[in-house]
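Q: Numbering-wise, the working numbering puts 19 at position 20 of the sequence shown, and it's gapless, one number per residue.
Below: one structure in structure tokens.
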Amino acid sequence: MSRVEVERQADDRYMIRGELTLATVPALERRALPAQWPAQATVTLDLSGVTRSDSAGLALLVEWLRVARRRNVRLRLADLPAQMREIARISDLLPILSID
Numbered sequence: 000m001s002r003v004e005v006e007r008q009a010d011d012r013y014m015i016r017g018e019l020t021l022a023t024v025p026a027l028e029r030r031a032l033p034a035q036w037p038a039q040a041t042v043t044l045d046l047s048g049v050t051r052s053d054s055a056g057l058a059l060l061v062e063w064l065r066v067a068r069r070r071n072v073r074l075r076l077a078d079l080p081a082q083m084r085e086i087a088r089i090s091d092l093l094p095i096l097s098i099d
């Protein structure tokens with residue numbers, strides 16, 4: 000069974016560990032993570048713990064970026080895995096992602 004965990008490291012920093020795939024994205028959507036982000040802040044998602052990802056995982060990040068912008072939150076993606084970066088490149092999404 001696929002598994003993903005989110006650890007809140009600070010008010011403005013979250014670590015995602017595990018698989019960010021079609022099998023795990025629905026559980027993350029139910030957590031409503033963007034609702035926890037302070038308005039008008041900069042929030043960092045540390046993705047160094049992501050072991051596997053697919054287009055559903057990338058779609059979730061794009062959705063979170065959309066929600067963040069609507070709430071005046073700057074969302075930064077740290078350590079985007081190579082697999083996810085390649086999907087973003089092929090999909091021409093790299094320009095909209097705030098990758099550190």
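Glycine included, each C-beta is placed from N, C-alpha and C at the ideal position.
1) Are Ala22 and Leu57 closer than 7 Å when you measure CB to CB?
2) Going residue by residue through the segment 7–88, where are the continuous alpha helix (DSSP H) segments of at least 4 residues, counting only ones entirely within it?
3) With a threshold of 16 other CB atoms inside 10 Å of the CB of Glu4, please say whether the residue is buried or exposed.
4) Assuming Leu74 and Ile98 make a contact with CB atoms under 8 Å, what is their CB distance in whole Å?
5) Taking the alpha-carbon positions, what's the Val66 to Ala81 distance?
6) Which same chain residues end up closer than 8 Å to Asp45 when comparing Cβ atoms and leaving out the 5 residues on each side of it in sequence?
7) Could you round the C-beta distance between Leu64 and Ile95 to whole angstroms and report it? I think they count as a contact, below 8 Å.
A: According to the data block:
1) no
2) 24–29, 54–69
3) Under this definition Glu4 is an exposed residue.
4) At roughly 11 Å, the Cβ-Cβ gap does not stay under 8 Å, so Leu74 and Ile98 are not in contact.
5) 24 Å
6) Gln8, Arg12, Tyr13, Met14, Ile15, Ala77, Asp78
7) 7 Å
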